[in-house]
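There are 2 protein chains.
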Amino acid sequence: MSVSATVNPARHGQEEILDAAAQCFMDRGYAATSIDDVARNLGATKGRIYHHYRSKADLFFDVYRQGMQMNFDAIAPLAEQKIGIVEKLRAMTKTHTLAMIRTQPYQRCVWEGVELLLRGSTTPEQRIALVELHKMRTDYANIFRDVLEQAKREGIAHFHSSSITLHLMFMSLNSPLFWFQPSHGVDEKTIDGIASQCTVFALRGLGLKEELIADV
Amino acid sequence: MSVSATVNPARHGQEEILDAAAQCFMDRGYAATSIDDVARNLGATKGRIYHHYRSKADLFFDVYRQGMQMNFDAIAPLAEQKIGIVEKLRAMTKTHTLAMIRTQPYQRCVWEGVELLLRGSTTPEQRIALVELHKMRTDYANIFRDVLEQAKREGIAHFHSSSITLHLMFMSLNSPLFWFQPSHGVDEKTIDGIASQCTVFALRGLGLKEELIADV
DNA sequence: TTGACAACATACCCGGTAGTATGTTCCTCT
DNA sequence: AGAGGAACATACTACCGGGTATGTTGTCAA
Chain X
-5 MSVSATVNPA RHGQEEILDA AAQCFMDRGY AATSIDDVAR NLGATKGRIY HHYRSKADLF
55 FDVYRQGMQM NFDAIAPLAE QKIGIVEKLR AMTKTHTLAM IRTQPYQRCV WEGVELLLRG
115 STTPEQRIAL VELHKMRTDY ANIFRDVLEQ AKREGIAHFH SSSITLHLMF MSLNSPLFWF
175 QPSHGVDEKT IDGIASQCTV FALRGLGLKE ELIADV
Chain C
-5 MSVSATVNPA RHGQEEILDA AAQCFMDRGY AATSIDDVAR NLGATKGRIY HHYRSKADLF
55 FDVYRQGMQM NFDAIAPLAE QKIGIVEKLR AMTKTHTLAM IRTQPYQRCV WEGVELLLRG
115 STTPEQRIAL VELHKMRTDY ANIFRDVLEQ AKREGIAHFH SSSITLHLMF MSLNSPLFWF
175 QPSHGVDEKT IDGIASQCTV FALRGLGLKE ELIADV
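Taken in sequence, the protein lines are chains X and C. Here our numbering is used: position 100 in the first sequence is 94, and no number is missing along the way. Here our numbering is used: position 210 in the second sequence is 204, and no number is missing along the way.
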């Protein structure tokens, strides 16, 4: 789960905090999570967290940013690849869903971050940070949007509103975030099966012909 | 939005509170909503709320219950109807989605209520109430599950896990809860169009043939 | 008329939590 | 070696919000 334990050791302490924070925010939600909760989860005290982050919101935002970074890292190589649109769509959706499952705590924070922005009950400075993060998420979604619209032009996908369809696709692909609890001993094959079902559902929803989906 | 303004006037005060509470809980989330917020939204004070409800959790649970009741009321007549399974599936999914849009604040509370149960950070008595409400939601979902499995047996729908597919279907149908903000002047035709796209996406996801979906 | 109760409003208490101010320990660089 | 700072822990404050205790007003029945 650790983001990248091999970077410079100076940041290693921060990433431990990020992992613990992501876990707590997922378990209890942003508002209901106290800094002491995160500290306890770390076997530490508030001092450690406030040494690295100025506020609870700052900590949360960093989790958000890290989560989005993971997503970009996962699909960037695929988006650039020069392959058929169907292949690209299948690869991107499947990869995205696997990323959701594997980095679940971070992605739940991304989700709540979006809600936090929409609700708008934040300080002006927090709002600025949130808007920037939201742009990151929009950029990410737009990678998929481009692929979707190209697929539509090529007669492979069929839908009316791109925006609504993008929402629907992501809701399907992201859905394991909300109903999948990794029990101890969850093997790779199970995860792949879940991601497969989500991907198939989404691609069908986009209007792809059945023979283009079968082997996802 | 008012649940039913024509019942006995004794309960009328409570339903005003329910509407205001549902709105606040949707706007800021359960944890971040204070009783004073709800009271302010009512143009009243805490006294009024605590006169009708013993605690913040009790108020929230009543919103949850009311939301589920609305859903049952909406699809119960359809589920009993003696019509073809395809017709029933189309009618139920479309009706459900319309209910989500029309009673959005209540349904967001239902959603958060489920999360509250899964997170499990509640008192024992609260947990009992939540479990009972969750059973209500499970019963509701099972109505759809039965229809789904019958459709699968008849070779109309195609999927592996019923549970996962049920999740995926509801995620699609419920998705307007999270990205649709009713602006002033939102007409019935727009709402119907949104519900239509969600329903088409879900029915496709279930593996229905295109000709069985076209006119939803 | 009055008294009893419903339906609130007002005033207050108190626990929890974000944030701060100040120690303490170790590590590093000169 | 020792000075300075990074990386924490400890102790404290201020405030917010759930819940309660008590006051106030209208209504209705006897």
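Ideal Cβ placement from N, Cα and C applies to all residues, glycine included.
**Item:** Spatially closest choice to glutamate 148 of chain X from X:Ile185, X:Asn136, X:Gly201, X:Ala15, by CA coordinates
**Value:** Here residue 148 of chain X refers to the residue found at position 154 when the first sequence is read from its first residue. Residue X:Gly201 is the option with its Cα nearest to glutamate 148 of chain X.
**Message:** Can you check which of these residues, X:Phe153, X:Gln101, X:Arg22, is closest to glutamine 60 of chain X by C-alpha distance?
**Reply:** By 1-based counting over the first sequence, the position of residue 60 of chain X is 66. For glutamine 60 of chain X, the nearest C-alpha among the options comes from X:Gln101.
**Asked** Between serine 28 of chain X and chain C, is there a C-beta pair that is closer than 8 Å?
**Response** Taking the first residue of the first sequence as position 1, residue 28 of chain X is located at position 34. With 8 Å as the cut-off, serine 28 of chain X does not count as an interface residue toward chain C.
**Asked** When the cut-off is 8 Å and only beta carbons count, does glutamine 98 of chain C lie next to chain X?
**Response** Translated into the one-based positions of the second sequence, residue 98 of chain C becomes position 104. No, no contact with chain X.
**Prompt:** What is the rounded straight-line gap between the Cα of methionine 64 of chain C and the Cα of alanine 93 of chain C?
**Reply:** For the purposes of this step, residue 64 of chain C is taken as the residue at position 70 of the second sequence. For the purposes of this step, residue 93 of chain C is taken as the residue at position 99 of the second sequence. Approximately 8 Å, taken between the alpha carbons.
**Message:** Measuring CB atoms only, is the segment 65 to 80 of chain X touching the segment 26 to 45 of chain X, in the sense that at least three cross pairs come out at less than 8 Å?
**Reply:** no
**Three-way DSSP call (helix, strand, coil) for tyrosine 47 of chain C in this model** = Residue 47 of chain C sits at position 53 when you count from the first residue of the second sequence. Three-state DSSP puts tyrosine 47 of chain C in coil, outside helix and strand.
**Message:** Measuring only from the beta carbon, is lysine 146 of chain X closer than 7 Å to any heavy atom that is part of the ligand MN?
**Reply:** This structure lacks the ligand MN, and indeed carries no ligand of any kind.
**Asked** Sorted by chain position, which residues of the same chain lie with C-beta nearer than 6 Å to valine 194 of chain X's C-beta, five sequence neighbours on each side aside?
**Response** Taking the first sequence and counting its residues from 1, the one referred to as residue 194 of chain X is at position 200. Excluding sequence neighbours, valine 194 of chain X sits near Ile207, Val210.
**Request:** Determine the direct distance from the alpha carbon of methionine 20 of chain X to that of glycine 199 of chain X, and round the result to whole angstroms.
**Result:** Residue 199 of chain X sits at position 205 when you count from the first residue of the first sequence. Residue 20 of chain X sits at position 26 when you count from the first residue of the first sequence. Roughly 28 Å between the two C-alpha positions.
**N-terminal and C-terminal residue of the alpha helix (DSSP H) that alanine 280 of chain C is part of** = As shown, chain C starts at -5 and ends at 210. That puts residue 280 of chain C outside it, with no answer to give.
**Asked** What residues of chain X sit near glutamine 191 of chain C, judged by a beta carbon separation below 9 Å?
**Response** As a working mapping, residue 191 of chain C is identified with position 197 in the second sequence. Those are Phe153, His154, Ser155, Ile158, Thr159, Leu162, listed as they occur along chain X.
**Asked** Nearest-angstrom Cα distance between serine 169 of chain C and proline 170 of chain X?
**Response** Numbered from its first residue, the second sequence carries residue 169 of chain C at position 175. Numbered from its first residue, the first sequence carries residue 170 of chain X at position 176. Near 14 Å, if we compare the C-alpha coordinates of proline 170 of chain X and serine 169 of chain C.
**Message:** Buried or exposed for histidine 128 of chain C, going by 16 or more other Cβ atoms inside 10 Å?
**Reply:** Position 134 of the second sequence holds residue 128 of chain C. Buried is the call here.
**Message:** Within 8 Å of any Cβ in chain C, is that where the Cβ of glycine 199 of chain X sits?
**Reply:** Position 205 of the first sequence, counted from the first residue, corresponds to residue 199 of chain X. Chain C, which has a Cβ nearer than 8 Å to the Cβ of glycine 199 of chain X, makes this yes.
**Asked** By Cβ distance, which residues of its chain are closer than 8 Å to proline 197 of chain X, with the 5 residues on each side in sequence left out?
**Response** Position 203 of the first sequence, counted from the first residue, corresponds to residue 197 of chain X. This sequence places leucine at residue 197 of chain X; proline is not what is there. Closer than 8 Å at the Cβ level, and outside the excluded window around leucine 197 of chain X, lie Leu83, Arg84, Thr87, Leu206, Ile207, Val210.
**Message:** Do glutamine 120 of chain C and alanine 51 of chain C have their beta-carbon atoms positioned less than 8 Å apart in this structure?
**Reply:** Taking the second sequence and counting its residues from 1, the one referred to as residue 51 of chain C is at position 57. Taking the second sequence and counting its residues from 1, the one referred to as residue 120 of chain C is at position 126. It is a contact, given that the beta carbons lie within the stated cut-off.
**Prompt:** Using a C-beta cutoff of 8 Å, does isoleucine 188 of chain C count as contacting chain X?
**Reply:** Taking the first residue of the second sequence as 1, we reach residue 188 of chain C at position 194. Interface residue, yes.
**Message:** Which same chain residues end up closer than 7 Å to alanine 214 of chain X when comparing Cβ atoms and leaving out the 5 residues on each side of it in sequence?
**Reply:** Residue 214 of chain X cannot be examined here, being either before or after the span of chain X that is shown, -5 to 210.
**Message:** Is it buried or exposed, leucine 53 of chain C, if we count other Cβ atoms within 10 angstroms and call 16 or more buried?
**Reply:** Here residue 53 of chain C refers to the residue found at position 59 of the second sequence. The residue is buried, with at least 16 neighbouring Cβ atoms inside 10 Å.
**Asked** Excluding sequence positions up to five away, which residues of its chain have a Cβ less than 6 Å from the Cβ of tryptophan 14 of chain X?
**Response** Against the first sequence, residue 14 of chain X aligns to sequence position 20. The identity of residue 14 of chain X in the sequence shown is alanine, whereas the question assumes tryptophan. Counting only Cβ-Cβ distances below 6 Å, and skipping sequence neighbours, we find Val32, Asn35, Leu36.
**Request:** Would you mind working out which of C:Cys18, C:His46, C:Trp173, C:Ser28 sits nearest glycine 7 of chain C, comparing C-alpha positions?
**Result:** Position 13 of the second sequence holds residue 7 of chain C. Answer by Cα proximity: C:His46.
**Prompt:** Helix or strand or just coil, what does DSSP make of proline 170 of chain X?
**Reply:** Locating residue 170 of chain X in the first sequence gives position 176, where the first residue counts as 1. Looking at proline 170 of chain X - three-state DSSP - the assignment turns out to be helix.
**Message:** Using a Cβ-Cβ cutoff of 7 Å, what residues of the segment 165 to 177 of chain X are near chain C? List them in chain order.
**Reply:** Met165, Ser166, Ser169, Trp173
**Request:** Mind the definition here: the segment 174 to 194 of chain C touches the segment 150 to 159 of chain X only if three or more C-beta pairs lie below 8 Å; say whether that holds.
**Result:** yes
**Request:** Measure the beta-carbon distance from leucine 160 of chain X to tyrosine 24 of chain X and round it to whole angstroms, keeping in mind my assumption that it falls under 8 Å.
**Result:** Counting from 1 along the first sequence, the entry for residue 160 of chain X is found at position 166. Counting from 1 along the first sequence, the entry for residue 24 of chain X is found at position 30. Leucine 160 of chain X to tyrosine 24 of chain X, Cβ: 25 Å. No contact.
**Request:** Pull out every residue of the segment 34 to 68 of chain X whose Cβ sits closer than 8 Å to any Cβ of chain C, in chain order.
**Result:** none
**Message:** Can you check whether the C-beta of arginine 22 of chain C is within less than 8 Å of a C-beta belonging to chain X?
**Reply:** Along the second sequence, read from residue 1 onward, the residue named residue 22 of chain C stands at position 28. Yes, its Cβ sits closer than 8 Å to a Cβ of chain X.
**Prompt:** Taking any Cβ of chain C, which residues in the segment 112 to 131 of chain X have a Cβ under 7 Å from it, in chain order?
**Reply:** Arg113, Ser115
**Asked** By the 10 Å Cβ neighbour count, where 16 or more other Cβ atoms means buried, how is glutamine 75 of chain X classified, buried or exposed?
**Response** Taking the first sequence and counting its residues from 1, the one referred to as residue 75 of chain X is at position 81. When all chains shown are included, glutamine 75 of chain X counts as exposed.
**Prompt:** What does a CB cutoff of less than 6 Å around methionine 130 of chain C pick up in its chain, not counting 5 residues either side in sequence?
**Reply:** Sequence index remark: in the second sequence, residue 130 of chain C carries index 136 (1-based). Excluding positions up to five away in sequence, the list reads Met62.
**Item:** Sequence ranges, alpha helix (DSSP H) only - wholly within the segment 24 to 73 of chain C, length at least 4
**Value:** 29 to 36, 40 to 46
**Asked** When you compare only the Cα positions, how much space is there between methionine 163 of chain X and alanine 135 of chain C?
**Response** As a position in the first sequence, residue 163 of chain X is number 169, starting the count at 1. As a position in the second sequence, residue 135 of chain C is number 141, starting the count at 1. Distance between the alpha carbons of methionine 163 of chain X and alanine 135 of chain C: 21 Å.
**Message:** For glutamate 126 of chain X and serine 49 of chain X, I'd like the C-alpha separation in whole angstroms.
**Reply:** Stepping through the first sequence from its first residue, residue 126 of chain X is reached at position 132. Stepping through the first sequence from its first residue, residue 49 of chain X is reached at position 55. Rounded to whole angstroms, glutamate 126 of chain X to serine 49 of chain X spans 18 Å at the Cα level.
**Prompt:** Does the beta-carbon distance from isoleucine 95 of chain C to phenylalanine 174 of chain C come in below 8 Å?
**Reply:** Stepping through the second sequence from its first residue, residue 95 of chain C is reached at position 101. Stepping through the second sequence from its first residue, residue 174 of chain C is reached at position 180. Taking 8 Å as the Cβ cut-off, isoleucine 95 of chain C and phenylalanine 174 of chain C qualify as a contacting pair.
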